[in-house]
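K.L.:
Residues in the sequence shown are numbered from 10 upward in steps of one, following this note's numbering.
Below you'll find the structure I mean.
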Amino acid sequence: METITKPGPTIIVIFGATGDLTRRKLIPAIFNLYLDKWIPEKFAVIGVSRKEIADVDFRKFLHDAVDDFSRRGKPKKPDWDSFAENLSYLKGEFHENVTYERVGKKISQLEKAWKTTATRVFYTAVPPMFFEQIATKIGESGLSKDQEKSRIVIEKPFGHDLESAMHLNKLLHGMFCENQIYRIDHYLGKETVQNILAFRFANALFEPIWNRNYIDHIQMTVSEQLGIGTRGNYYETAGALRDMIQNHILQLVCLIAMEPPVSFDADEVRNRKVDVLNAIKRIKEEDAHKFAVRGQYGEGWIQGKKVKGYRQEQDVNKNSTRETFAAVKFYIDNWRWQGVPIYLRTGKRMNETLSVITIQFKHVPHQSFPSKAVGNWQPNRLVLNIQPHMGIRLRFQAKRPGLEMLLHPVDMLFNYSETYSSGTPEAYETLLLDIMEGDSTLFMRADQVEAAWKILMPIINAWETNPSVNFPNYDAGMQGPEDAEALIAKDGHNWIVMPLENE
């Protein structure tokens, strides 16, 4: 029987406690950890926000959030009542010293009652404009002086460009040590993303062929049927390149392309990831059009319903040139990956919602079968499905039943939902537990963030210097603009989307 080792006494202070992130993700995740017995007995959540709310109303607000967004559905009354005893609320402005004095007083009261020093997690569940303000005040108030017990969590986006990311890193390092800073990317908490490491480094079968000698190219697609919804103000300043490729997708590239770590020590794993980012061949600004494609969705049809174009969405400029789709081709300049193209694409209002990585292997070096035997022949292909279905699909050739030698592609499938009956934890559950335990393996380090920005800045600068004149250039419900097909077709490839299971 597996023994659960819980974190020590923990206090989580959530700045922005009445916001959408807290309601949809953080509290449901913390409650599920509580139900699964991962939360220590000495535990508290202190919500901080600018609204005037009594503790009882705050708990009711969070109860409704769990009702609506927990993977387990509505909580049982005894479970919620015992959990809610650990929840409290403080009204405060993020820029006022008195707010942090109240937080410090509340923490001291809890630690005195518990007769121990607790781990303090300061979670900035707020818009990016407040990151610096909150981090500075936490540092100035002395709440972060215990380097072993105090941690700050910064949500994405981490900076708007390289300059702002470096500025934020410098400010944080003035208040915290690097091992106290958790730059969170929820994508890295997903089960299938973590399974990439297990798949590569726990099996002797694949690592020997995980290189340019056997792999022809790699594709990554992260597409959404949804539009930008009510995020117009944010998306007008971000766009698909910043919102998805700079963080989520480049992290996937790191996991796929990294060298085997000596151990799973946090810094050892992150060192190998930074090596990948540093080895990605830099694109010159004047060559951006050769390696990157952008798009913006217009009106179209999604699942039989007419939907608006990006320029008609709430809080969006009617003549906006912000991209809602981006596709990029990268090369990694090292021995393992030299000459292997990596194609990335992401977009809103596409034909389906999925996140998938496709490893396309090379053709066999010699075709010995007669031509009639290989009419349906395809190269070997490995597909890692991240969402909405989680699993791994391996395609290879086999002989069809019968008297003749006829080859046909067949698949081996690993499906999470069929293999494991227990519920899969949400990404935030994994990441919050890691934060409480002080494990930073799945979190981005300062140099990693800056390396990712350095890769994309030439494309960002080129696009901002030369705004697109043909937006919108793909209809909602399509697979993106034609230029994205041309980007990969000129290399003799096409975008591959294989479902986890046969349709």
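Glycine included, C-beta positions come from ideal geometry on N, C-alpha and C.
1. Alpha carbons only, please: which of Thr-27, Glu-268, Lys-290 and Ile-289 is nearest the one belonging to Asn-280?
2. Any idea what DSSP makes of Thr-362, helix, strand or coil?
3. I'd like to confirm the pairing. Which residues does DSSP put opposite Gly-168 in its beta bridges?
4. Under a three-way DSSP split, which group does Gly-400 fall into?
5. From Met-414 to Lys-408, what does the alpha carbon distance come to, in whole angstroms?
6. Please report how far the alpha carbon of Leu-416 lies from the alpha carbon of Gln-406, in whole angstroms.
7. In or out: Gly-348 buried (at least 16 other Cβ within 10 Å) or exposed?
8. Report the residue from Leu-353, Gln-376, Arg-358 and Met-359 whose alpha carbon sits nearest the alpha carbon of Thr-6.
9. Is Lys-338 helix, strand or coil by DSSP?
10. Using C-beta distances below 6 Å, list every residue in its chain close to Pro-37, excluding the 5 sequence neighbours before and after it, in chain order.
11. When the distance is taken between beta carbons, is Tyr-223 closer than 8 Å to Pro-481?
12. Do the CB positions of Tyr-109 and Asp-64 come within less than 8 Å of each other?
13. Using only alpha-carbon positions, find the residue among Gly-400, Lys-293, Glu-245 and Ile-265 that is nearest to Lys-327.
14. How is the beta strand (DSSP E) around Arg-354 delimited, first residue to last?
15. For the putative contact between Ala-127 and Pro-18, defined by C-beta atoms under 8 Å, what is the C-beta separation to the nearest angstrom?
16. Beta-carbon within less than 7 Å of Gly-231's beta-carbon, same chain only, minus the 5 sequence neighbours each way: which residues are those?
17. Sort Ala-247, Lys-15 and Gln-234 by Cα distance to Lys-46 and report the nearest one.
18. How big is the Cα-Cα spacing for Gly-28 and Trp-89?
19. Which term fits Phe-273, buried or exposed, when burial requires 16 or more other beta carbons within 10 angstroms of its beta carbon?
20. So, Leu-35 versus Tyr-191, is the Cβ gap smaller than 8 Å?
21. Less than 8 Å between the C-beta atoms of Val-107 and Val-57, yes or no?
22. Below 6 Å CB to CB, which residues in the same chain sit around Ile-143 once its five sequence neighbours on both sides are set aside?
23. When you compare only the Cα positions, how much space is there between Asp-194 and Lys-86?
24. If you draw a straight line from the alpha carbon of Lys-154 to that of Gly-148, how long is it in whole angstroms?
25. Give the C-beta separation of Lys-199 and Ile-395 to the nearest angstrom, bearing in mind that I take them to be a contact with Cβ-Cβ under 8 Å.
26. Quick check on the burial criterion: 16 or more other C-beta atoms within 10 angstroms. Buried or exposed for Val-285?
27. Cα-Cα, which of Arg-221, Lys-115 and Val-130 is closest to Arg-345?
28. Go to Val-162, then tell me how far its beta strand (DSSP E) extends in each direction, as first and last residue.
29. Here's the rule I'm using: 16 or more other beta-carbon atoms within 10 Å means buried, otherwise exposed. How should Asn-242 be labelled?
30. If you draw a straight line from the C-alpha of Phe-334 to the C-alpha of Ile-469, how long is it?
31. Report the residue from Leu-391, Ala-249 and Ile-289 whose alpha carbon sits nearest the alpha carbon of Asn-343.
32. Measure how close the beta-carbons of Ile-39 and Leu-441 come, nearest whole angstrom, since I'm counting them as under 8 Å.
33. Counting only the same chain and skipping the five closest in sequence on each side, list residues whose C-beta sits under 8 Å from that of Leu-30.
34. With distances taken from CA atoms, which of Asp-456, Asn-204 and Leu-180 is nearest Met-399?
35. Looking only at its own chain, which residues have a Cβ that is under 7 Å from the Cβ of Ala-266, when we skip the five neighbours before and after it?
36. Could you tell me whether the Cβ atoms of Ile-55 and Lys-115 are closer together than 8 Å?
P.N.:
With the given structure in hand:
1. The closest CA to that of Asn-280, considering only Thr-27, Glu-268, Lys-290 and Ile-289, is found on Glu-268.
2. coil
3. Bridge partners of Gly-168: none, in fact.
4. strand
5. 6 Å
6. 6 Å
7. exposed
8. The requested residue 6 does not occur in the structure, where the chain is confined to residues 10 to 512.
9. Of the three classes helix, strand and coil, the one that applies to Lys-338 here is strand, per DSSP.
10. Val-75, Phe-78 and Ser-79
11. Cβ distance not < 8 Å, so Pro-481 and Tyr-223 don't count as in contact.
12. no
13. Glu-245
14. Run containing Arg-354: 351 to 356, per the beta strand (DSSP E) assignment.
15. That pair is a contact at about 4 Å.
16. Before going further, note that residue 231 is Val rather than Gly in the sequence given. Contacts found: Met-253, His-257, Ile-258, Thr-355 and Ser-364.
17. Lys-15
18. 20 Å
19. Classification for Phe-273: exposed.
20. no
21. no
22. The beta carbon of Ile-143 sits closer than 6 Å to the beta carbons of Phe-24, Phe-103 and Thr-133 from its chain, once the five residues preceding and following it are set aside; these are given in chain order.
23. 32 Å
24. Lys-154 and Gly-148 have their alpha carbons spaced roughly 7 Å apart.
25. 6 Å
26. buried
27. Arg-221
28. 159 to 163
29. exposed
30. 13 Å
31. With distances taken between Cα atoms, Asn-343 lies closest to Ile-289.
32. 6 Å
33. For Leu-30, where only same-chain residues beyond five positions count, the Cβ hits under 8 Å are Ala-134 and Glu-164.
34. Asn-204
35. Val-285, Ile-341 and Trp-346
36. Taking 8 Å as the Cβ cut-off, Ile-55 and Lys-115 qualify as a contacting pair.
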